[in-house]
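Q: These protein sequence lines map, in sequence, to chains A and B. Here our numbering is used: the first residue of the first sequence is 1, the next is one more, and so on. Here our numbering is used: the first residue of the second sequence is 1001, the next is one more, and so on.
There are 2 protein chains.
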Amino acid sequence: MTEAAHRTQAQRREQTRTALLDATIDCLVDVGYARTSVQEICARARVSKGAVQHHFTAKAELMAAAVEHLTTKLRHQLAASLDELPSGGTGVAAAIDLLWTGYSGTLSTAVTELWVAARTDPELRAAIRPVDRALGRATLEHVTQVAGDLPPERAEMLFWLTVNLTRGLALDAELGGDPHRRRQLLEEWKRIAVLLYQDAATGPS
Amino acid sequence: MTEAAHRTQAQRREQTRTALLDATIDCLVDVGYARTSVQEICARARVSKGAVQHHFTAKAELMAAAVEHLTTKLRHQLAASLDELPSGGTGVAAAIDLLWTGYSGTLSTAVTELWVAARTDPELRAAIRPVDRALGRATLEHVTQVAGDLPPERAEMLFWLTVNLTRGLALDAELGGDPHRRRQLLEEWKRIAVLLYQDAATGPS
DNA sequence: TGGAAAACATGACGATCGGCATGTAAGTTC
DNA sequence: GAACTTACATGCCGATCGTCATGTTTTCCA
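What follows is the structure, given as structure tokens:
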């Protein structure tokens, strides 16, 4: 083994920190929030319990940091998805597909775990809410770029409808619902959205 | 205190059993799945840990029974909501309101807790899936009664879209999203659904 | 009415939880 | 290169988890 060990303190710190946060996300995805223990996390991160103690005063703080870590990862994933799209107003359908892929991945699975847990955990809830709202606004902004020249009010309505529908579908997917039906529903929703887009162009209600 | 104690064995059995299951649901709603312990449950049910041991061999079996208990309660609630509606084809909007009230109540909150937990718990998952599918079909049947004379294929599509949208909205409500916006989204969706209903009447795409 | 059986209570067990105290290795500073 | 700070490891604590063994009460049946 060659001596590859010459990390500065800041490097060491951030490496084990991100290792812990990534391990936390993995843990949430694999075993769920209820069984996500500190021991399990630092076992996956290949560090000891003392490390997590050193970086985070309590488990709640780790979870709060994991929330922020998650949202930044989601933002990056969203940006990557946007880059893959052909630029210019590729339309509403593309935006919906974008949201679906965003909300059906493993990262969003972890978010859902934390979200449901936060309902009965005020501390976690306080950590999640602002970050999630910021992510929502940023996503809305990016999506409207793709969606073309919809009137902003109509676009926002369509966005939130799609987000909530997608979240429901993601929940269905997590429990092993029928993938074929989910795809059908998504296609149908895209048709509806395009139809509404035409309505909005000719004249809103 | 007067002597009101002359319960038959079957009465005793079912009383403490339902007390345990109701306490389990309360526990899921109040403190969430992660903190739903046997001790907490039997504290709320005013029984000892030996009782739950006598009725259910393990905690997992209690949870499985709670799932069934929950769905029967939801079915009753759905039936009650149906009775309150003016019979006859009161239209799509009424059906959507029905689904929303059904999926935004405390019972559905408990279901969501179990649902998310079931993702990483194969045993719980196996208990949930068939019951949930049956409930979905039964709800679909009741809703189509209210929704009037839609073509069945179109009605089923609208139903599942509404269900998934409503589940997403319920998640948003659980975390304290903006109630005003939720109501806006629901009203918008109702308008869309009615519009689609007219399309389906004149001629589907 | 008395014994069998079911329903429920009590207490203890091993395991694991999160958190803390203490020790050791790695990096920084002078 | 020696004092010093930071990063991490080890081990233990009280609390709580789910489960089990054993006692006590209540209903049933002959």
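By construction, the Cβ of each residue, glycine as well, lies at the ideal position given by its N, Cα and C atoms. Being a predicted model, the structure only gives us computed values, none of them experimental.
Quick check on residue 1086 of chain B: does DSSP put it in helix, strand or coil?
A: DSSP places residue 1086 of chain B in coil when its eight states are reduced to three.
Q: To the nearest angstrom, how far is the alpha carbon of residue 1008 of chain B from that of residue 1053 of chain B?
A: Roughly 20 Å between the two C-alpha positions.
Q: Tell me the rounded alpha-carbon separation between residue 1027 of chain B and residue 1151 of chain B.
A: Their backbone Cα atoms lie some 42 Å apart in a straight line.
Q: Can you name, in chain order, every residue of its own chain whose Cβ lies under 6 Å from the Cβ of residue 33 of chain A, other than the five neighbours on each side?
A: Closer than 6 Å at Cβ, skipping near neighbours: 113 and 117.
Q: Would residue 1206 of chain B pass as a contact of residue 1066 of chain B if the rule is Cβ separation under 9 Å?
A: Given a span of 1001 to 1205 for chain B in the structure shown, any question on residue 1206 of chain B remains unanswerable.
Q: Would residue 1141 of chain B pass as an interface residue toward chain A - the criterion being a Cβ-Cβ separation below 9 Å?
A: For residue 1141 of chain B, the answer is no, since every Cβ of chain A falls outside 9 Å of its Cβ.
Q: Using a Cβ-Cβ distance under 9 Å, would residue 150 of chain A count as near chain B?
A: Not one chain B Cβ lies under 9 Å of residue 150 of chain A.
Q: Grouping DSSP H, G and I as helix and E and B as strand, with all else coil, what is residue 1151 of chain B?
A: Looking at residue 1151 of chain B - three-state DSSP - the assignment turns out to be coil, as it is neither helix nor strand.
Q: What are the boundary residues of the alpha helix (DSSP H) that residue 1099 of chain B is part of?
A: 1092-1103 is the span of the alpha helix (DSSP H), which, as asked, contains residue 1099 of chain B.
Q: Can you tell me whether residue 1147 of chain B is buried or exposed, with buried defined as 16 or more other CB within 10 angstroms of its CB?
A: Under this definition residue 1147 of chain B is a buried residue.
Q: With a CB to CB cut of under 7 Å and the five nearest residues on each side skipped, what residues in its chain are close to residue 1068 of chain B?
A: Hits under 7 Å: 1131.
Q: Inspect the beta-carbon positions of residue 139 of chain A and residue 102 of chain A and report whether they are closer than 9 Å.
A: Yes, these two residues count as a Cβ contact at 9 Å.
Q: Sort A:135, A:90 and A:56 by Cα distance to residue 14 of chain A and report the nearest one.
A: Among A:135, A:90 and A:56, the Cα nearest to that of residue 14 of chain A is on A:56.
Q: Please classify residue 123 of chain A as buried or exposed, where buried requires at least 16 other C-beta atoms within 10 Å of its C-beta.
A: Classification of residue 123 of chain A: exposed, given that the 10 Å Cβ count is below 16.
Q: Among A:134, A:178, A:75 and A:190, which has the Cα closest to the Cα of residue 1129 of chain B?
A: Of A:134, A:178, A:75 and A:190, the residue nearest in Cα terms is A:178.
Q: Determine, using beta carbons only, whether residue 1019 of chain B and residue 1045 of chain B come nearer to each other than 9 Å.
A: Yes, Cβ-Cβ distance for residue 1019 of chain B and residue 1045 of chain B is below 9 Å.
Q: Check for me: the alpha helix (DSSP H) holding residue 44 of chain A runs from which residue to which?
A: It spans 38-44 - the alpha helix (DSSP H) in which residue 44 of chain A sits, taken as one unbroken run.
Q: Establish whether the CB of residue 185 of chain A and some CB of chain B are separated by less than 9 Å.
A: At least one chain B Cβ lies under 9 Å of residue 185 of chain A.
Q: Which value, in whole angstroms, describes the spacing of the CA atoms of residue 1077 of chain B and residue 196 of chain A?
A: Distance between the alpha carbons of residue 1077 of chain B and residue 196 of chain A: 34 Å.
Q: Is the shortest distance between the beta-carbon of residue 30 of chain A and the beta-carbons of chain B less than 9 Å?
A: Yes - at least one Cβ of chain B is within 9 Å of the one on residue 30 of chain A.
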